[in-house]
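K.L.:
Under the working numbering, think of the first position of the sequence shown as 6, with each following residue one higher.
For each residue, glycine too, the CB sits at the ideal point set by N, CA and C.
So that we are looking at the same thing, I have put the structure below in C-alpha cells.
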Amino acid sequence: MRIWPRIVAGRAAPPAPASDLTVVRRAGRIAAFQASLALAAVLLVVGAMVFAVDVRVQNRQISTQLEQVAATADDVYDPPPGMELVLRDDDGRVSTSAGGAPGVGLLSGPTGFADAGSGDATFRALVVDRPELRVVAMLDMAPYRAARNRLLLSLAAAELAGILASIAVVGLYTRRSVRPLMQALALQRRFVADASHELRAPLTVLHTRAQMLAQRVGSGDRRELQHDADAVVADTRALGGVVEDLLASATMTAGGTPQERVDIAAVAEAVRDSMAPYAESLGITICFESTESDDGAPLEVMGSHTALRRALTSLIDNALAHEDDGGTVDVRVRRDGAVVQVSVADDGVGIDKAAMATLFNRFAHGGPNSGRRPREPHGIGLALVREIAQAHGGDILVASRPGRGATFTLTLPAA
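Here's what the structure looks like:
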C-alpha cells in the first residue's frame, strides 16, 4: 500500500486569486456608471422641462404685449420700448415708426401673428384690422433670444455641475456600499486560506497513520496496533484543535464576540485542571495562583467564556511545549486597577529575539529549535490568542530571555 509523504505546514498558503474582488470592484464601477447615467438623464429631462416652460412663458408675454399695443395704437409715434408700428388708414396712407419698415409688407397679408426681419433684426409681428386702421405691431426678439441663450448656458452649467457631482457622490456611496462586501470576501478568502493551510499537514499525518494501521492489522502485533491506534487518536485530537482554532479565529475576526460576565480566574483554574493530567504525563507541574485586589473586586471580564478558555488553553499548551521535563508552568491571575491580567510563565528554552517580532503573526513559528518536544506547530495558536485579546478590548504581551523561559501576559478590561 502506498504511504503518502508527510507535509510540513511551514509556509503560508499562496494567496487566493483576486478574481472575486475584481468582480466586486467591476460591479461597483458599473453600478456607479449606471446610476450616474440615470441621474444625468433625470437632470437633462428637468433642464429641458425648465427651458420649455420658460419659452412658453416668453411666448405668452410676447403675444399679450403685441395684442395690447395693436388694440390701442392710434399713431406710429413713440411706440413702447423694443416695438415698432406700421399703420394704414382707409385712404391707403401708410405710416411707420423709425424702424418699422420690415412690417410694411405685412399690410397686404392676412391678419394674425407673423415673423418679419431686416438684416440682423428679427421681429414678432401681429396684424390686426380695426374699423379705421390696419395695424402691424412688431416686437424685437433680440432681448428674448439673449435671455434664452443665457438660460441655456445656465442650464448647461448646472447640468454639467450636477452630473459631475452625481458621479462623485454615486461613486463615493457605491464604494462605501461595496466595501463591506469586499471585506466579507477578504475574510472568507482569509479563512479558506487558513483552513487549507492548517488542515493540510494534520490530515496528511492522519492519513499516513491510518495507512500504517491498516498495514499492520494482518501482522497480529497488538502492541504495534495499540501504538498506531493511540497515534491516530492523538492526531485526530490535534486536528480537532486546529478546527476549533480556525472557527474561533473566524468568530473573533467577524466581530461576533459574545458579551457575558466571565470569571477569568475560574476559567484559568478550569483550564489548569483539564491540562494537568497531560502535563503530568510530560513530567511538568502546572501551578495556579489567583490574587484578588485590595477592595475585593472580582476577577471578572466581559466577553466570551469559550473564546477566553481557548486563549488560555493555547497559552498553557504553548508553555508545555517549551518546558523541560520536571519543570513548572505558573499561571497567575491578578487585578491591576481597571484591568485583569493572566500570566503564563515557563522556565524553558525561551524565545529567540529574531522570532519576537513575528511571534503573533499567522503561520509564524519560533523556529525548528524553539520547542524541546517534537511536535507539529500549527502556526495559528498565538495569533488566535492575540485576536481574542483584541476582540475583548485587551492585549497580549510577551517577555522572554533565551534559555530562561518566557512569560505571556493576557491583559483584559475588568468588568
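When the distance is taken between beta carbons, is Gly355 closer than 8 Å to Gly1?
P.N.:
The structure shown has nothing for residue 1, since the chain only spans 6 to 420.
K.L.:
Exposed or buried, which one is Glu285 when buried takes at least 16 other CB atoms within 10 Å?
P.N.:
exposed
K.L.:
Measuring straight from C-alpha to C-alpha, what distance separates Asp94 and Val141?
P.N.:
12 Å
K.L.:
Would Val334 pass as a contact of Val349 if the rule is Cβ separation under 8 Å?
P.N.:
yes
K.L.:
Please confirm whether Leu211 and Leu186 have their CB atoms less than 8 Å apart.
P.N.:
no
K.L.:
Quick check on DSSP: helix, strand or coil for Ala236?
P.N.:
helix
K.L.:
Going by beta carbon distance, what residues of the same chain come within less than 8 Å of Met307, once the five residues before and after it are set aside?
P.N.:
Gln264, Glu265, Arg266, Val267, His397, Pro418 and Ala420
K.L.:
Going by DSSP in three states, Asp120 sits in which element: helix, strand or coil?
P.N.:
strand
K.L.:
According to the Cβ coordinates, are Phe293 and Val336 closer than 8 Å?
P.N.:
yes
K.L.:
To the nearest angstrom, report how far apart Ala53 and Pro84 are at their CA atoms.
P.N.:
Across the structure, Ala53 and Pro84 are spaced so that their CA atoms are roughly 35 Å apart.
K.L.:
Could you tell me whether any non-hydrogen atom of the ligand COA is closer than 7 Å to the CB of Asp351?
P.N.:
Because no ligand of any kind appears in the structure shown, any question about the ligand COA cannot be addressed here.
K.L.:
Ignore the nearest five residues each way along the sequence and tell me which others in Ser123's own chain have a CB closer than 6 Å to its CB.
P.N.:
Pro107
K.L.:
Can you name the start and end residues of the beta strand (DSSP E) that Pro418 belongs to?
P.N.:
Ala411 to Pro418
K.L.:
Could you give the DSSP three-state label for Ser375: helix, strand or coil?
P.N.:
Below a pLDDT of 50, predicted positions are generally treated as unreliable, and Ser375, at 46, falls in that range; no measurement from the model is reported.
K.L.:
What number of angstroms, rounded off, separates the C-alpha of Leu415 from the C-alpha of Val237?
P.N.:
33 Å
K.L.:
What would DSSP say about Glu89, mapped onto helix, strand or coil?
P.N.:
strand
K.L.:
Are the CB atoms of Leu160 and Val47 nearer to each other than 8 Å?
P.N.:
Against a cut-off of 8 Å, the Cβ pair of Val47 and Leu160 comes out as no contact.
K.L.:
Pair every Cβ in the stretch 163-180 with every Cβ in the stretch 128-148, then say whether three or more of these pairs are closer than 8 Å.
P.N.:
These segments do not touch.
K.L.:
Can you tell which of Thr77, Leu320, Arg135 and Leu157 has the C-alpha that lies nearest to the C-alpha of Leu389?
P.N.:
Leu320
K.L.:
Alpha carbon to alpha carbon, how far is Arg180 from Phe38?
P.N.:
12 Å
K.L.:
For Arg89 versus Gly110, is the C-beta distance shorter than 8 Å?
P.N.:
Note that residue 89 is Glu in the sequence shown, not Arg. Going by C-beta atoms, Glu89 is not nearer than 8 Å to Gly110.
K.L.:
Between which residues of its own chain and Ala119 is the CB-CB distance below 7 Å, once the five residues before and five after are set aside?
P.N.:
Leu111, Ala130 and Val132
K.L.:
State the Cα-Cα distance for the pair Gln220 and Thr296, rounded to the nearest angstrom.
P.N.:
54 Å
K.L.:
Going by alpha carbons, who is nearest to Asp278 out of Glu305, Val248, Arg314 and Leu304?
P.N.:
Relative to Asp278, the option among Glu305, Val248, Arg314 and Leu304 whose CA is nearest is Arg314.
K.L.:
In its own chain, which residues sit with a C-beta less than 8 Å from the C-beta of Lys358, not counting the 5 before and 5 after it?
P.N.:
Pro407
K.L.:
What would DSSP say about Leu364, mapped onto helix, strand or coil?
P.N.:
coil
K.L.:
Taking only the alpha-carbon atoms, compute the straight-line gap between Ala239 and Gln395 and give it to the nearest angstrom.
P.N.:
31 Å
K.L.:
Helix, strand or coil: how does DSSP classify Ser425 here?
P.N.:
In the structure as shown, the chain starts at 6 and stops at 420, and residue 425 therefore has no counterpart that could be examined.
K.L.:
Thinking just about the alpha-carbon of each residue, which of Ala147, Asn323, Arg227 and Ala189 is nearest to the one in Ala121?
P.N.:
Ala147
K.L.:
Does Asn154 pass the burial test, meaning 16 or more other C-beta atoms within 10 Å, or should it be called exposed?
P.N.:
exposed
K.L.:
By a C-beta neighbour count over all protein chains shown, 10 Å radius and 16 as the cutoff for buried, is Asn64 buried or exposed?
P.N.:
exposed
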